[in-house]
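J.:
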Amino acid sequence: MRKPWLLFVLGLILVVGGSALAWKVQTAGGIRVTEVTFAGKDGTPMSALLYTPPNATAATPAPGVLAVHGYINSRETQSGFAIEFARRGYVVLAMDQTGHGYSGGAAFSNGFGGPDGLAYLRSLKIVDRDNIGLEGHSMGGWTVLAAAATLPDAYRSVVLEGSSTGAPFAAEGTPAWPRNLALVFSRYDEFSKLMWGVDKAQDVTTSRKLQAVFGTTAAVEPGRVYGSVEAGTARVLQTPATTHPGDHISPAAIGHALDWFARTLKGGAPRPAGDQIWMWKEAGTGIALIGSVVLLLGTFELLLSVPLFAGLRSAPTPSVMRRDRGWWGSLALTALLPAVTYFPLFILGMLALKPNPVFKQGITNQVLTWAVLGALLTLALGAIGKREKPVFTRKLGLSLLIGLLSVGAVYGTLELVHRLFLVDFRFWVVALKRLSPAQAGLSLVYLVPFTLAFGVTLRTLLARVPVAGETTAAQYAGAVLALSGGFLLLLVLDYGALFLTGTLPTAFDPLSTVVAIQFLPLTALIAVIGIFTWRRTGGYVAASVLCGLLLTWYMVAGTATQVV
Numbered sequence: 001m002r003k004p005w006l007l008f009v010l011g012l013i014l015v016v017g018g019s020a021l022a023w024k025v026q027t028a029g030g031i032r033v034t035e036v037t038f039a040g041k042d043g044t045p046m047s048a049l050l051y052t053p054p055n056a057t058a059a060t061p062a063p064g065v066l067a068v069h070g071y072i073n074s075r076e077t078q079s080g081f082a083i084e085f086a087r088r089g090y091v092v093l094a095m096d097q098t099g100h101g102y103s104g105g106a107a108f109s110n111g112f113g114g115p116d117g118l119a120y121l122r123s124l125k126i127v128d129r130d131n132i133g134l135e136g137h138s139m140g141g142w143t144v145l146a147a148a149a150t151l152p153d154a155y156r157s158v159v160l161e162g163s164s165t166g167a168p169f170a171a172e173g174t175p176a177w178p179r180n181l182a183l184v185f186s187r188y189d190e191f192s193k194l195m196w197g198v199d200k201a202q203d204v205t206t207s208r209k210l211q212a213v214f215g216t217t218a219a220v221e222p223g224r225v226y227g228s229v230e231a232g233t234a235r236v237l238q239t240p241a242t243t244h245p246g247d248h249i250s251p252a253a254i255g256h257a258l259d260w261f262a263r264t265l266k267g268g269a270p271r272p273a274g275d276q277i278w279m280w281k282e283a284g285t286g287i288a289l290i291g292s293v294v295l296l297l298g299t300f301e302l303l304l305s306v307p308l309f310a311g312l313r314s315a316p317t318p319s320v321m322r323r324d325r326g327w328w329g330s331l332a333l334t335a336l337l338p339a340v341t342y343f344p345l346f347i348l349g350m351l352a353l354k355p356n357p358v359f360k361q362g363i364t365n366q367v368l369t370w371a372v373l374g375a376l377l378t379l380a381l382g383a384i385g386k387r388e389k390p391v392f393t394r395k396l397g398l399s400l401l402i403g404l405l406s407v408g409a410v411y412g413t414l415e416l417v418h419r420l421f422l423v424d425f426r427f428w429v430v431a432l433k434r435l436s437p438a439q440a441g442l443s444l445v446y447l448v449p450f451t452l453a454f455g456v457t458l459r460t461l462l463a464r465v466p467v468a469g470e471t472t473a474a475q476y477a478g479a480v481l482a483l484s485g486g487f488l489l490l491l492v493l494d495y496g497a498l499f500l501t502g503t504l505p506t507a508f509d510p511l512s513t514v515v516a517i518q519f520l521p522l523t524a525l526i527a528v529i530g531i532f533t534w535r536r537t538g539g540y541v542a543a544s545v546l547c548g549l550l551l552t553w554y555m556v557a558g559t560a561t562q563v564v
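As structure tokens, this is what we get:
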């Protein structure tokens, strides 16, 4: 007999245990991590995590590093860099750009918040103002370059990870600006055309734009230091074997940044670049992320055992009797349609639903366009072809309540973990963060259309994929394949071509390509929630509510706000 509290307890153990591990790693060696807020330009509220090593005091100021994430990320994305910088005795300010995370303002405004972040870092008495480094990934590189341009004498060296000087959002680089520059540009970076004007990242060494920054007309030699550290004209190019988002979880990419600051900043606590522990923090928050899903499902099951929700319990009745050609055709259509329409509908969303005073987030608008139009297309195809009658629960009110309580339990646990350990639930580019007050209000705008779109997806999935008499494992596997199989194929083809040829087939929209990585685990999550709740309620409404609440929260908290 199933015990309804088992999953709930397991989820709590994973969440708390993983978060505690992450906290232990990021505070190793006596480092203190605190959340700070400060006023930016025109009073814009700015948010950051401050990593303070034990050697940094007002009596013994330590070198400082401003570390900034890229577009549609947040301060926590830089934790691998921040942890290792702090372990080497640097005071690290890992800030949220404007319009990202818990910083106010609109994305892209006020130099992305870079000048404000550098000014705040320099104001700390524990920081040696003559030894400050700037590190930024992708758009974070443009953020620190904005700081360098605004405060030209306020830093000593720069590390750009997967970023560039010059157009579209930074000042042009020269052999003398920015001061002491290290460029870490990975061999499989998806943004080589945007950043350095070359079709293949491997060809960055021959970029005219890059050569101008290095003061040479010949191909730039990776690993060779050009210019002089003492004169502030030093330059070096490093090309680790990873991708643009892979920089965050690459010991080589992080190690190159450590090497450069060891060479260009004075003070701190020297350590070999290979001495890195940040991956255990990533493992901890990854365990907590998995635990949050287990906790969600465990809370749902525990609540179902309460008499109030007894009316939701019902045995599922599969509509499909066997896996015939029709079943395989439905599976293929369900899997391929979202992936095939992904880029066209994302581009349409970018053009037709631009950020505005109601729908304020560009990337969320693109996801919404893809989800809603994909749902409408699914309904249209269902009207033309064979329609399976799903089991529908009339207990809509109970479904809404159990969904709110289940997701609320996860949110409450995240809030507790933040207060205890100052971490969130994440692994690499997949992160579940607390909502700022502004984001909480914005979530209400996106919630209904997303929930309705997920309702169509789950109704189709549960009417066509589960087969009578099959095992539980087969039901989950079929559902995951149906919703994630298309994206898995898309990413395998896309990145397989990139790794084999150096060219990304979808280079016309590299940002959407990177965003698609998140769709693989997210679509699998929708499938798991769908089957789990269907097996207990016999319907898709509760699953639609859970997915609507959870994924609206995920998207709004994790992307950028363009309109204040």
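The sequence shown begins at 1 in our numbering and counts up by one.
From the three backbone atoms N, C-alpha and C, an ideal C-beta is built for every residue, glycine too.
1) For residue 364, which residues from the same chain have a beta carbon less than 8 Å from its beta carbon, with the 5 sequence-adjacent residues on both sides left out?
2) Rounded to the nearest angstrom, how far is the Cβ of residue 61 from that of residue 126, given a contact under 8 Å?
3) Using only CA atoms, which one of 212, 323, 549 and 83 lies nearest to residue 227?
4) Per DSSP, which one or two residues make a beta bridge with residue 85?
5) What do you reckon, are the CB atoms on residue 475 and residue 531 nearer than 9 Å?
6) Name the two residues that bound the continuous beta strand (DSSP E) containing residue 238.
7) Helix, strand or coil for residue 523? Go by DSSP, reduced to three states.
8) The alpha helix (DSSP H) that contains residue 333, what's its start and end?
9) My assumption, with CB atoms under 8 Å, is that residue 549 sits in contact with residue 404. Please give the rounded CB distance.
10) Could you compute how far the alpha carbon of residue 563 sits from the alpha carbon of residue 100?
11) If residue 138 and residue 71 are in contact, beta carbons under 8 Å, what's the gap, nearest whole angstrom?
12) According to the Cβ coordinates, are residue 273 and residue 259 closer than 9 Å?
13) Mind checking which residues open and close the beta strand (DSSP E) that includes residue 50?
14) Let me know the beta strand (DSSP E) ranges lying completely inside the segment 424-459, each 3 residues or longer, listed in chain order.
15) State buried or exposed for residue 325, treating a residue as buried only when at least 16 other CB atoms are found within 10 Å of its CB.
16) Measuring CB atoms only, is the segment 310-329 touching the segment 26-44, in the sense that at least three cross pairs come out at less than 8 Å?
17) Leaving aside the five residues before and after residue 216 along the sequence, list all residues of the same chain whose C-beta is less than 8 Å from its C-beta, in chain order.
18) Return the bridge partner residues of residue 38 from the DSSP annotation.
19) Grouping DSSP H, G and I as helix and E and B as strand, with all else coil, what is residue 155?
20) Could you please give the first and the last residue of the uninterrupted alpha helix (DSSP H) stretch that includes residue 259?
21) Buried or exposed: which applies to residue 328, given that a residue is buried once 16 or more other Cβ atoms fall within 10 Å of its Cβ?
22) Tell me, to the nearest whole angstrom, how far the beta carbon of residue 546 is from that of residue 533; I am working on the premise that it is less than 8 Å.
23) Out of curiosity, what's the CA-to-CA distance linking residue 390 and residue 452?
24) Are residue 205 and residue 237 closer than 9 Å when you measure CB to CB?
25) Are the Cβ atoms of residue 68 and residue 157 separated by less than 9 Å?
26) Please report the Cβ distance between residue 145 and residue 165, rounded to the nearest whole angstrom; I am assuming they are in contact, meaning their Cβ atoms lie under 8 Å.
27) With a 10 Å radius around its C-beta and 16 neighbouring C-beta atoms as the bar for buried, classify residue 424 as buried or exposed.
28) Starting from residue 415, trace the alpha helix (DSSP H) in both directions and tell me its first and last residue.
29) Look at residue 161 and residue 81 and say whether their C-beta atoms are less than 9 Å apart.
30) In the DSSP output, which residue or residues are listed as bridge partners for residue 67?
31) Quick check: what's the CA-CA separation for residue 40 versus residue 435?
32) Rounded to whole angstroms, what is the Cα-Cα separation between residue 179 and residue 17?
33) Quick one: grab the DSSP three-state call for residue 554.
34) Counting Cβ pairs, one atom from each stretch, are 3 or more of them under 8 Å apart for the segment 344-357 and the segment 369-384?
35) Short of 7 Å in beta carbon distance, which residues of its chain neighbour residue 15, apart from the five on each side in sequence? Order them along the chain.
36) Just to confirm, is the Cβ distance from residue 282 to residue 19 under 9 Å?
T.: Result, derived from the coordinates:
1) Position 364 of the sequence shown holds residue 364. Taken in chain order, the residues that qualify are 446, 555, 556 and 559.
2) Translated into the one-based positions of the sequence shown, residue 61 becomes position 61. Translated into the one-based positions of the sequence shown, residue 126 becomes position 126. The Cβ separation is near 6 Å, so the contact holds.
3) On the sequence shown, position 227 is the one that residue 227 refers to. Of the candidates 212, 323, 549 and 83, the one whose C-alpha sits nearest the C-alpha of residue 227 is 212.
4) Against the sequence shown, residue 85 aligns to sequence position 85. According to DSSP, which records beta bridges pairwise, residue 85 is partnered with nothing at all.
5) One-based indexing of the sequence shown puts residue 475 at position 475. One-based indexing of the sequence shown puts residue 531 at position 531. Contact: yes.
6) In the sequence shown, the residue the question calls residue 238 occupies position 238. That run of the beta strand (DSSP E) goes 235-238.
7) Within the sequence shown, residue 523 is the residue found at index 523, counting from 1. Residue 523: helix per DSSP, three-state reduction.
8) Within the sequence shown, numbered from 1, the residue matching residue 333 stands at position 333. Counted as a single uninterrupted DSSP element, the alpha helix (DSSP H) harbouring residue 333 occupies residues 325-340.
9) Looking up residue 549 in the sequence shown gives position 549. Looking up residue 404 in the sequence shown gives position 404. Here residue 549 really is in contact with residue 404; their C-beta atoms are around 7 Å apart, less than 8 Å.
10) Taking the sequence shown and counting its residues from 1, one reaches residue 563 at position 563. Taking the sequence shown and counting its residues from 1, one reaches residue 100 at position 100. The alpha-carbon atoms of residue 563 and residue 100 are separated by roughly 11 Å.
11) On the sequence shown, residue 138 is found 138 positions in, with the first residue counted as 1. On the sequence shown, residue 71 is found 71 positions in, with the first residue counted as 1. That pair is a contact at about 6 Å.
12) On the sequence shown, position 273 is the one that residue 273 refers to. On the sequence shown, position 259 is the one that residue 259 refers to. Against a cut-off of 9 Å, the Cβ pair of residue 259 and residue 273 comes out as a contact.
13) If you number the sequence shown from 1, residue 50 lands on position 50. Where residue 50 is concerned, the enclosing beta strand (DSSP E) stretches over 45-52.
14) 425-427 and 430-432, all fully within the segment 424-459.
15) Along the sequence shown, one-based indexing puts residue 325 at 325. Under the 10 Å beta carbon count, residue 325 is surrounded by fewer than 16 other beta carbons and is classified as exposed.
16) These segments do not touch.
17) What you label residue 216 is simply residue 216 of the sequence shown in a count that begins at 1. The residues are 226.
18) Here the question's residue 38 lines up with position 38 in the sequence shown. The secondary-structure analysis by DSSP pairs residue 38 across a beta bridge with 46.
19) As a working note, residue 155 is residue 155 in the sequence shown. Looking at residue 155 - three-state DSSP - the assignment turns out to be coil, as it is neither helix nor strand.
20) As a working note, residue 259 is residue 259 in the sequence shown. Looking at the DSSP string, the run of the alpha helix (DSSP H) that includes residue 259 is 251-264.
21) Taking the first residue of the sequence shown as position 1, residue 328 is located at position 328. Per the 10 Å Cβ criterion, exposed.
22) For the purposes of this step, residue 546 is identified with residue 546 of the sequence shown, where counting begins at 1. For the purposes of this step, residue 533 is identified with residue 533 of the sequence shown, where counting begins at 1. Confirmed, about 7 Å.
23) By 1-based counting over the sequence shown, the position of residue 390 is 390. By 1-based counting over the sequence shown, the position of residue 452 is 452. Only weak support exists for where residue 390 lies, its pLDDT of 43 falling under 50; the value from the coordinates is given anyway. About 16 Å.
24) In the sequence shown, the residue the question calls residue 205 occupies position 205. In the sequence shown, the residue the question calls residue 237 occupies position 237. Against a cut-off of 9 Å, the Cβ pair of residue 237 and residue 205 comes out as a contact.
25) Locating residue 68 in the sequence shown gives position 68, counting from the first residue. Locating residue 157 in the sequence shown gives position 157, counting from the first residue. Result no, Cβ atoms of residue 68 and residue 157 do not sit closer than 9 Å.
26) Along the sequence shown, read from residue 1 onward, the residue named residue 145 stands at position 145. Along the sequence shown, read from residue 1 onward, the residue named residue 165 stands at position 165. The pair is a contact, with the Cβ atoms about 6 Å apart (cut-off 8 Å).
27) Walking along the sequence shown from the start, residue 424 turns up at place 424. Classification for residue 424: buried.
28) Counted from its first residue, the sequence shown places residue 415 at position 415. Following the DSSP letters along the chain, one finds residue 415 inside the alpha helix (DSSP H) bounded by residues 396-421.
29) Residue numbering aside, residue 161 sits at position 161 when the sequence shown is read from its first letter. Residue numbering aside, residue 81 sits at position 81 when the sequence shown is read from its first letter. Yes.
30) Walking along the sequence shown from the start, residue 67 turns up at place 67. Residue 67 pairs with 94 and 135.
31) Taking the first residue of the sequence shown as position 1, residue 40 is located at position 40. Taking the first residue of the sequence shown as position 1, residue 435 is located at position 435. Rounded to the nearest angstrom, the two C-alpha atoms are 21 Å apart.
32) As a position in the sequence shown, residue 179 is number 179, starting the count at 1. As a position in the sequence shown, residue 17 is number 17, starting the count at 1. Going by C-alpha positions, residue 179 is about 43 Å away from residue 17.
33) For the purposes of this step, residue 554 is taken as residue 554 along the sequence shown, with counting starting at 1. Look at residue 554 here: in three-state DSSP terms it is helix.
34) With a cut-off of 8 Å, the segment 369-384 and the segment 344-357 count as touching, because enough Cβ pairs lie within range.
35) Along the sequence shown, read from residue 1 onward, the residue named residue 15 stands at position 15. Non-local C-beta neighbours of residue 15 in its own chain, meaning closer than 7 Å and more than five positions away in sequence, comprise 288, 291, 292, 295, 413 and 417, ordered along the chain.
36) In the sequence shown, counting from the first residue as 1, residue 282 sits at position 282. In the sequence shown, counting from the first residue as 1, residue 19 sits at position 19. Their beta carbons are not under 9 Å apart, which means residue 282 does not touch residue 19 by this criterion.
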